[in-house]
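Asker:
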Amino acid sequence: MGRKGKVQPEPAAAALLRSVEIELLPGEKDSANLAYIEKLANAWACIQEHDLFHNIQGAKPAGITANATESGTQSPFDLKSYRAALKTAGQSYTAGINFFWIDLLWSATPGVPLRVSAIELMAKTTFGSPTPLGTVHVAVPDHDYNPLERTGALLRVSPEEVTGAIVLAIARDVRNSESDEVLQAWKQVALSTTCVFRLMPSASDRYWYALNQREHVSMTYTAVHRSTLQRVHEISRLMKKMRETLPAAEVTASAIAKTYQEKLQMVPGGSGTVTFNFVDCCATITNKLLDVPSIAWCLQDLDERSALSEDPNPFDSHSRLQAIIDKCKANNQAQLIWVAQGIWYNWRRGNGKSLSISDIKGSAQSGNRGVADMLIYKLNLKSALLAKARVMLNPESGDWLTVVASVAESFKSWFENEESLDKSWRAGRPASETKFLNFFSEVVFGRTYDHAVKFALRAGKSADDAVLAQGLAEDLREIEDKRQQEQKLAQPAEAEQGTSSAHDQDPEDADMDDISFRLPPTGDSNEPTVVKASQIQDGARRETIRTIMSATRQHIAAQIYLISQDPQDPHPHGLSAALTATAGGKLRGEPQPGNPTKSKYIGIFYDFKVAGEANHRPMLRVPPLRTEQLRRLIDLARSRFGAEVAEDEIPKGDLYFLFDGGRLGNTSELLKPFQSMTKTVKTFQLWKDEASLMNRYKRVNKGTIGSFRQTEQMLVVSAAPPAVQPVGFQHWRGSTAGTLMGPIILPDLSESWEATWADKKDIFTAANLIAVGGRLDDDVEEDEQNRQKAPARDKDTVEAVFFHAMPWSFYDELLAAMPLKAVLDLTPGDGALALCAYKRNIVYTGMALSDTHSTMLMKRLEKAIWRCMSDDTDPLYEARLMAAVVGAAQDGKTKRKTDKDHKGIEQKRRRGGKVPPAPLDPHDPLGDEGDDDAAAAADDELSGDSAGGKS
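At position 765 of the sequence shown (counting the first as 1) the number is 811 in the numbering used here, and the numbers step up by one without a gap.
1) Write down the C-beta distance between residue 320 and residue 277 rounded to the nearest angstrom, noting that I regard them as a contact closer than 8 Å.
2) Where residue 344 and residue 764 are concerned, what is the direct C-alpha to C-alpha distance, given to the nearest angstrom?
3) Out of curiosity, what's the CA-to-CA distance linking residue 585 and residue 379?
4) How many Å lie between residue 157 and residue 79 at the Cα?
5) Count the other CB atoms, across all protein chains shown, that sit within 10 Å of the CB of residue 106; report buried if there are 16 or more and exposed otherwise.
6) Measuring alpha carbon to alpha carbon, tell me which residue in 405, 424, 410, 427 is nearest residue 417.
7) Give the list of continuous beta strand (DSSP E) stretches no shorter than 3 residues that lie fully inside the segment 199–251.
8) How should residue 326 be labelled, buried or exposed, when 16 other C-beta atoms within 10 angstroms of its C-beta is the threshold for buried?
9) Is there contact here, the segment 127–140 with the segment 237–247, by at least three beta-carbon pairs under 8 Å?
10) When you compare the CB positions of residue 671 and residue 712, do they come within less than 7 Å of one another, or not?
11) Apart from the five residues on each side of it in sequence, which residues of its chain come closer than 6 Å, Cβ to Cβ, to residue 323?
12) Less than 7 Å separating the beta-carbons of residue 432 and residue 509?
13) Could you check if residue 646 is buried or exposed, using at least 16 other CB atoms within 10 Å of its CB as the buried criterion?
14) Quick check on residue 66: buried or exposed, where buried means 16 or more other Cβ atoms within 10 Å of its Cβ?
15) Do residue 336 and residue 329 count as a contact pair if the criterion is CB distance below 7 Å?
16) Which residues in the same chain have their Cβ closer than 6 Å to the Cβ of residue 423, if we skip the five residues on either side of it in sequence?
17) Take the Cβ of residue 448 as the centre, count every other Cβ of all protein chains shown within 10 Å, and call the residue buried at 16 or more, exposed below.
18) Below 6 Å CB to CB, which residues in the same chain sit around residue 163 once its five sequence neighbours on both sides are set aside?
19) Considering only residues of the same chain and omitting the five flanking positions on each side of residue 401, which have a CB-CB separation below 6 Å?
20) What's the C-alpha gap between residue 464 and residue 450?
21) Using CA coordinates, which residue listed in 129, 122, 128 is at the minimum distance from residue 143?
22) Output yes or no for whether 7 Å exceeds the beta carbon distance between residue 729 and residue 593.
23) Using CA atoms only, rank isn't needed, just tell me which of 784, 891, 512 is closest to residue 683.
24) Please name the residue, chosen from 285, 289, 93, 286, that lies closest to residue 216 on a Cα-to-Cα basis.
25) How would you label residue 339, buried or exposed, when you count the other beta carbons within 10 angstroms and need 16 or more for buried?
26) Going by DSSP, which residues form a beta bridge with residue 608?
27) What three-state label does DSSP hand residue 638 in the structure shown?
28) Using DSSP with H/G/I as helix, E/B as strand and the rest coil, what is residue 781?
29) What is the residue span of the alpha helix (DSSP H) that residue 518 lies within?
30) Pull the bridge partners of residue 733 from the DSSP assignment, please.
31) Could you spell out the range, first to last residue, of the beta strand (DSSP E) harbouring residue 181?
32) Anyone know if the C-beta pair for residue 227 and residue 153 falls short of 7 Å?
33) How is residue 136 classed by DSSP in three states: helix, strand or coil?
34) Kindly indicate which three-state DSSP category residue 851 falls into: helix, strand or coil?
35) Quick one, are the C-beta atoms of residue 238 and residue 81 less than 7 Å apart?
36) Less than 7 Å between C-beta atoms, sequence neighbours within five positions excluded: which residues of the same chain meet that for residue 941?
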């Protein structure tokens, strides 16, 4: 069928289509609408189950009575009047009927995918409350047709979207147990439906009548207006049915276009308007796009989503679809899939919402290189980058790159993995590989490097040459340098005391609305400059920050996973299944007794000091060790192995780190979950710095001897002696060959995670706020001031969330010394261990106390990570990010604090109000700057928890 030429005279439309059967054959299913049919069938079943609608299908229509609540709006159906009216010249009859007399699933125009999202939106808006649906049109095949004998099977030729929306709306209110008045009103709507019966003997008559009805009401109900995709399906089915009964010479684009012009009065200007060119493109679009499932899915997905969005659908034009086909040369289906999915992906990600034919094909100004050319070029770059990585990152990453290639097989698979909660394929990679993955994703699937890619494309460079060209080669060299540094650190010298090989980590994403960066004071000012990401106007800098944040959040999701263990809100799949499904739950330790330098373990941590809290004066009381809670959590940790490990065995690759809080008797309690198991127990004495301990509590009479408990024990339990060589400490004297760790510097409580008492109760839940009375811990003596009665808490009281948490510096030292590939934290506390694990590329899974704990802690960790990324002394520092932030600040396009701001803040401080936080100690990335209100007052400083507490 040619795409050029004029419409030639054709046989009369009525004669051409009279014998064409569009409707479904007996037993045939409308495969294009299976999801809609199922949803409608479920809604109808729900309605029928309600007493008010029981046997509603057999009910008579409402008559016109004096009772307004029961009266119909149209004279009810009368068989005698019906038969007489059909014999008149008009061959039609109007009366009130029971809405449920129609066949809800029958269609005169099957095979066209209905937009379920648009129907659901109509049910929510137009039919949000009992509302008459207007007039329903029903086809009468012949004069002998008796509607009273066909209740539930009347052939509706009105748009099915409207009647479907009514059914979904009634089912919604039934499920929501709306009042009897509401449901009675729906029943009255159903029993007083105005219906036009019209004689239509053939399927062709019903087909064109239904299409005209759709055009007639499309101005009232936008959901029924045909999109390009729907019209292509419509015409393709018509052409297929015509070829079954008519000579091929008569099934031409001009014949079909002429028929539409004669028989259908279309709304002008719509994307689905049928012209000769439209019909001429339909066969090509169907063969090249709709018959390819992975492309058809993308077209259908945007057709659905655009019904709920103000953003235009880039596929809603036959000319644009044809342009995509034309750009993919030599019937290359792989290119077609890649380009179609690329356009779909960019729409879903908020890029390239509007797309013209010129955008797709290119113009003279762009050297006839458009979006399609760019996407095809990126397809070749993908292969070139993976090949380069195999040379640059080998040998360890070989298998991982195969996984990356699989995930990056298509835009759809990449999108699904970005959206998936399971990030295990990304987790635990060295910094060089994480850097490569971020670079690869932005080149192939992002926009950061588009300028360099466009330059290489227009210069005619091959993909292999492009990766070596300016704009891409610099970042590849940086990745290669990082790889070489890692390989040097991995040499045997790392086993020597005093050597530590911490992986630094390349970061990733965040919503720009609530992220700010604090730059050091410059010039004469003593105040830092706050740069709010959402206020950066420069397009290139804004895009750089957005993409780095996006990549960071993906990596955070891969490295850190929190599971709520709140018994009042259990995980839908069970805690054990949830743990097993995480990246950390899938990893196994690998002890190497013959070569300890290669050993890797899974660290399981339990610190009862943060597993609960005394509900009275918790600062002065270490909560009790709850053996049952300990046993349950240890059993949960072991359950991730399933049948791999016997009930009386400790997994060989696990190391259990258990803290006794310095209390006599706790050691034996901590070992109870391992009774009768073969085990090895290593004991370390944790020595806490006296000065920082005194400064933290400010409560003990300094003249009393032996008032401070400075030590506690950490037990390391394993199935066999750990196959680990001693490692020298970074900041303490000695190494892991000894049994002493310290001095551990405790930060002041004012620098800890703080929250309101209301939020804190939600974090711990009632199950973990322990009623404790009697004396304070052991022989602790309070000074006179602290012996006074503590003020009562109210919901707005702000205090430390975890008074007895171990500091960030302790975990940093511990993880530097222990060869862990994953951490399972049974008591995540304030997130200090999680952040240290993230920095060292150790996969982390935490069992949070509650959903509130999980949510607030993740936000706290994210903001701490953004902060580390802006600190040039931190291993997470991201120079490209900070170059964009500093550049934006220098441009003067972001907010800066003024003298007036500070004066107002000082006045507010004197009045006792909330104030912006002071700068944080850069060596304590989890320390707090202030709560959310304070952060908002200072242009959303980096630390601040959305739930009202400090984070």
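Even for Gly, the Cβ is constructed at its ideal location relative to N, Cα and C.
These numbers were taken from a predicted model, which means no experiment stands behind them.
Answerer: The structure says:
1) Contact flag correct, Cβ pair sits at about 7 Å.
2) Their Cα atoms are separated by approximately 51 Å.
3) Rounded to whole angstroms, residue 585 to residue 379 spans 35 Å at the Cα level.
4) If you take the alpha carbons of residue 157 and residue 79, they lie about 7 Å apart.
5) Exposed, because fewer than 16 other Cβ atoms sit within 10 Å of the Cβ of residue 106.
6) That would be 405, whose Cα lies nearest to the Cα of residue 417.
7) Runs of the beta strand (DSSP E) inside the segment 199–251: 239–245.
8) The residue is buried, with at least 16 neighbouring Cβ atoms inside 10 Å.
9) The segment 127–140 makes contact with the segment 237–247: 3 or more CB pairs, one atom from each, lie closer than 8 Å.
10) When the beta-carbon positions are compared, residue 671 and residue 712 come within less than 7 Å of each other.
11) In the same chain as residue 323, and ignoring 5 residues on each side of it, no C-beta atom comes closer than 6 Å to its own.
12) Contact flag unset, no.
13) With 16 or more Cβ atoms within 10 Å of its Cβ, residue 646 is classed as buried.
14) That one is buried.
15) No; because the gap between Cβ atoms is not below 7 Å, this pair is not in contact.
16) Around residue 423, the same chain offers 503 as residues with beta carbons nearer than 6 Å, after the five sequence neighbours per side are excluded.
17) Exposed.
18) By the criterion of a C-beta distance shorter than 6 Å, residue 163 is surrounded in its chain by 350, 353, 354, once the five residues flanking it on both sides are discounted.
19) Cβ within range, chain order: 360.
20) The straight-line gap from Cα to Cα measures roughly 12 Å.
21) Taking only the C-alpha atoms, the option nearest residue 143 is 122.
22) It is not a contact, given that the beta carbons lie outside the stated cut-off.
23) Proximity to residue 683 across 784, 891, 512 peaks at 891, based on C-alpha coordinates.
24) Ranking 285, 289, 93, 286 by CA distance to the CA of residue 216 puts 93 first.
25) Here residue 339 is exposed. Its C-beta has fewer than 16 other C-beta atoms within 10 Å.
26) Here residue 608 is bridged, per DSSP, to 892.
27) Look at residue 638 here: in three-state DSSP terms it is coil, with no helix or strand label.
28) Reduced to three states, the DSSP call for residue 781 is strand.
29) Membership of residue 518 in any alpha helix (DSSP H) is not indicated, and neither H nor E is assigned to it by DSSP.
30) Among the bridge pairs identified by DSSP, residue 733 is matched with 757.
31) Segment 181–186, the beta strand (DSSP E) holding residue 181.
32) Not in contact: residue 227 and residue 153 (Cβ atoms no closer than 7 Å).
33) Assignment of residue 136 by DSSP, reduced to helix, strand and coil, places it in the coil class.
34) It is coil, neither helix nor strand.
35) Taking 7 Å as the Cβ cut-off, residue 238 and residue 81 do not qualify as a contacting pair.
36) Bear in mind that a pLDDT of 45 at residue 941, under 50, signals an unreliable position, so the number given afterwards is only what the model happens to contain. Around residue 941: 576, 578, 581, 985.
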